[in-house]
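The structure under discussion appears below in the form of structure tokens.
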């Protein structure tokens, strides 16, 4: 037995050693699935399997890179480098480049990101003279993406009466025509989008059985990470590749299947047993990440789902503290209380800021927490915000790189033909694009032919400017053949004039953009050095492919580390933090009811999402909710999420429930409201064990009744006359709660009061509108 096997528990060891035949590894949260995949591959190599015969598919480049590094530490770098290991998209892009002649694409095809796809779709919508308020590019792109993930080609889409009926009901009957035109223009540009990488691989294997057989024979072992996240297209490719030898090992957790909106199908993992009757199941049930309390609470949540593979996840870590429940009067107070908890915990328990994460159901919730953290000078980062590679200056320079490698790339050409400005306006570009469409070719072909054929009827001056651009790109094309990625990129940045233009802009924004270009070049330099050291290709086209296939988790920078992380629960999958706040735990927010979909399977996915959120926590977790929240400008009264009621109450600490959530809340005296005391004790607490009193056998039902009473009270809320409000009074506001008047200014009818509220916020209110009620 090899040394590395000594570090595995019994279930992990069995999964590593059983290398032949179909294997389903059910890996509970924090159970060491990456270790199992890593050592399984290492074990295969130790047994004599060729590295090139092992195909290992992941969902992020980061995961693939970490696995390859671990494997290299066991079997050596020279062996590990020949593994076929990477994301679905990177592996299948590699196959499509090998087989490019069969599918009619150049080997250097461009990979469009979502912004490129939407830009092209927007152009097509405009050329069809359709209303982009009805045919929204994002919606159309989503429809096309879903079709591709279900292996529906443009012709199949057009011929499907059911799909056409659905489009018509959405008032977008011409999506089929847009899809066909989109596919046509991608081909003319020598470009594929992310979904094409899967669709065209499926089509390649379907239409060319000899190619499929070649890869079936090449890959004697197929392994898939996060199998519950695969869509139909990915599932079918994997099934085809493993059809001969059936040496397929999939690792995943049905309890963490949360991406159905992207096309992921939980059925893929649930039905593995019927796909491969001779399968063997391995259950990794020991959680090494979280405390016993967190693991047991998560188990009590997910147990409510009917569609699942039974397992008993357990932890042998410390018992840990109960999960703290925070109830706030308003969404603003929720932000204040969460920021306060972070500040106190960070000081009391000596955590770093990077040890905290705030997880929310939707991106719109981030604003309140950003504001609250800023007020306390707590550094934070928004995860999943604007990617570095989506910033304008980065997209501009990368478009020059793309043109250098694939001049037929229309989207890149349109972006840079007049940047930096060279006197080629929108009218000229429209003529060029029309000429390309009429001749069924790329814009590059039209402008390259200008010395012999003036397809667009351009005047001599304009033609001269365009030919200068053509010469520049041709120079870069030659440069890219002779030099490595960094030297090529640096020369392009200099000779296009981009570096000079940004350097001359001395505004803070201009300096930031110039620094971003420097950072991009730093990254390319690092790529070139690493490629040389490892013997990998070091050309600009290789760098571009790396960048095109990056995911959010691959983009984190070192300087972003020691900050509180704010992200959606979906983005948090695969990550872990010592302390996790799951916020906005309210009905219709979490679980979400955005689409009015009340199907059981939809609720089950929301519950799985909640399970994922909780199991990101290693040591401590908090759940928070607001009793009132603004939605679309209207004040809503909220009901605590049903998921909170589903947690076994022994795992909850209810001492964090604010008295502010009670409609019967009253101040005892003026001394209860002192601005200087708010930050020390901003809310009164209910005693521990509030769930267990005879008066509250069902806390959440009681809470719902209270909220309805509060709603009625708020609708009839009456303030006292403005003239009666005096400095030093304790007052109540229907939204901000109780506060103390610390200043009065102005004369009737424009009297203003400055009020310090218990939430820690200070407001200046115009009394004729504020409706303040005197409390004492």
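Residue numbers (this note's numbering): 1213 to 1988.
Even glycine gets a Cβ: it sits at the ideal position worked out from N, Cα and C.
In its own chain, which residues sit with a C-beta less than 6 Å from the C-beta of residue 1658, not counting the 5 before and 5 after it?
1644, 1647, 1648, 1667
On the three-state DSSP scale, how would you describe residue 1385?
coil
I think residue 1434 touches residue 1450, with their Cβ atoms under 8 Å apart; what is that distance to the nearest whole Å?
6 Å
Opposite residue 1259 in the DSSP bridges: which residues?
In DSSP, residue 1259 forms no bridge with anything.
Using DSSP's beta-bridge definition, name the partner residues of residue 1339.
BP columns for residue 1339 are empty, so no partner.
For residue 1812 and residue 1467, I'd like the C-alpha separation in whole angstroms.
15 Å
I'd like the span of the beta strand (DSSP E) that includes residue 1945, first residue to last.
1942–1945
Given residue 1848, which residues of its chain have a CB within under 8 Å of its CB, disregarding the five upstream and five downstream residues?
1840, 1841, 1842
N- and C-terminal bounds of the alpha helix (DSSP H) containing residue 1932
Residue 1932 -> no alpha helix (DSSP H), and no H or E assigned at all.
Rounded straight-line distance, which links the Cα of residue 1569 to that of residue 1793:
6 Å
What are the start and end residues of the beta strand (DSSP E) that includes residue 1777?
1776–1780
Contact check, residue 1267 vs residue 1431, beta carbons under 8 Å
yes
DSSP-derived helix/strand/coil call for residue 1850:
coil
Cβ-Cβ separation, residue 1691 to residue 1700 (assumed contact under 8 Å), whole Å
5 Å
Residue 1401: which of 1332, 1286, 1443 sits nearest, CA to CA?
1332
Could you tell me whether the segment 1621–1641 touches the segment 1668–1688, using the rule of 3 or more Cβ pairs below 8 Å?
yes
Is residue 1360 helix, strand or coil by DSSP?
helix
Taking the CB atoms as reference points, tell me whether residue 1817 and residue 1481 lie closer together than 8 Å.
no
Quick check on the DSSP output: the alpha helix (DSSP H) that includes residue 1286 runs from which residue to which?
1273–1287
Does the beta-carbon of residue 1548 have 16 or more other beta-carbons within 10 angstroms, so that it is buried, or is it exposed?
buried
Measuring straight from C-alpha to C-alpha, what distance separates residue 1981 and residue 1935?
13 Å
Provide the residue span of the alpha helix (DSSP H) that contains residue 1699, from first to last.
1697–1707
Ends of the beta strand (DSSP E) at residue 1796?
It is not in any beta strand (DSSP E) - residue 1796 carries neither H nor E in the DSSP assignment.
I'd like to confirm the pairing. Which residues does DSSP put opposite residue 1967 in its beta bridges?
1953, 1975
Under a Cβ-count criterion, where at least 16 other Cβ atoms within 10 Å of its own Cβ denotes burial, should residue 1279 be classed as buried or exposed?
buried
So the candidates are 1379, 1338, 1314, 1301; which of them puts its Cα closest to the Cα of residue 1361?
1301
Please check the pair residue 1275 and residue 1437, which I expect to be a contact at CB under 8 Å, by giving their CB distance rounded to whole angstroms.
6 Å
Is the CB-CB distance between residue 1506 and residue 1859 below 8 Å?
no
Where does residue 1469 fall in DSSP's three states?
coil
Can you name, in chain order, every residue of its own chain whose Cβ lies under 6 Å from the Cβ of residue 1295, other than the five neighbours on each side?
1263, 1266
Mapping DSSP to helix, strand and coil, what is residue 1722?
helix
Ignoring anything shorter than 3 residues or poking outside the segment 1289–1331, list the beta strand (DSSP E) runs there in chain order.
1296–1299, 1322–1324
So, using beta-carbon positions, are residue 1736 and residue 1755 closer together than 8 Å?
yes
What does the Cβ neighbour count give for residue 1314, buried or exposed, with the cut at 16 atoms within 10 Å?
exposed
How is the alpha helix (DSSP H) around residue 2005 delimited, first residue to last?
There is simply no residue 2005 to check, as the chain begins at 1213 and stops at 1988 in what is shown.
Backbone CA spacing between residue 1828 and residue 1510 [nearest angstrom]
11 Å
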